[in-house]
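This report refers to the structure that appears directly beneath it.
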Amino acid sequence: MTHGFLVSAIGCTLILSAEPVAGQTPWVPGTEIAGQSAQVQTNGVLNTIHFDAGGVARIVTPSGNVVHGTWSAGGGQLCLGTPGARECWPYVSPFQAGQPVTLTSSCQAISTWTALATNQPPAEQGAGERG
Numbered sequence: 352m353t354h355g356f357l358v359s360a361i362g363c364t365l366i367l368s369a370e371p372v373a374g375q376t377p378w379v380p381g382t383e384i385a386g387q388s389a390q391v392q393t394n395g396v397l398n399t400i401h402f403d404a405g406g407v408a409r410i411v412t413p414s415g416n417v418v419h420g421t422w423s424a425g426g427g428q429l430c431l432g433t434p435g436a437r438e439c440w441p442y443v444s445p446f447q448a449g450q451p452v453t454l455t456s457s458c459q460a461i462s463t464w465t466a467l468a469t470n471q472p473p474a475e476q477g478a479g480e481r482g
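The number in the working numbering is simply the position in the sequence shown, starting from 1, with 351 added.
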């Protein structure tokens, strides 16, 4: 299988954001998915994306081929890049494990993203009981 789906799907934009709640540490885009994986379905094709450390992405196709690329989160977008292509999606709030989110990319492709697992938000500094 070639990178046809991946190349056509990766060239657009993902945006999620959230307002911090009083007493909580503000959300930093990408922290909940760093080191985790998500399934992304576009045009009936289900790929698994691994968001590895250092902005390294591994995209596993339905046939098991691995496409190496990059990922970044910021400015209201989650972006994936592969050799010769880049695509971004709106990214304005953190992913929740097992909860599908439908997003339209910068290439106007509609995809459903489901995080397989997410990281817990960092503990607030200085939180705890006083004695």
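In this text, a Cβ means the ideal position worked out from N, Cα and C, and glycines have one as well.
Assigned secondary structure, A460 (DSSP; H/G/I helix, E/B strand, else coil): coil
Integer-rounded CB distance, given that A385 should sit under 8 Å from A404: 7 Å
For N398 and S414, the rounded distance between their alpha carbons: 9 Å
DSSP three-state assignment for G425, whether helix, strand or coil: strand
From N416, E438 and T412, residue whose alpha carbon lies closest to that of A424: E438
DSSP-derived helix/strand/coil call for A436: strand
C-alpha gap between L429 and S457, whole angstroms: 11 Å
Counterpart residues of V452 in DSSP-defined beta bridges: W464
Where G405 falls: helix, strand or coil (DSSP): helix
Which of helix, strand or coil DSSP assigns to N398: strand
Under the three-state DSSP convention, the category P441 falls into: strand
For T412, the nearest candidate out of G406, G426 and G395 (CA to CA): G395
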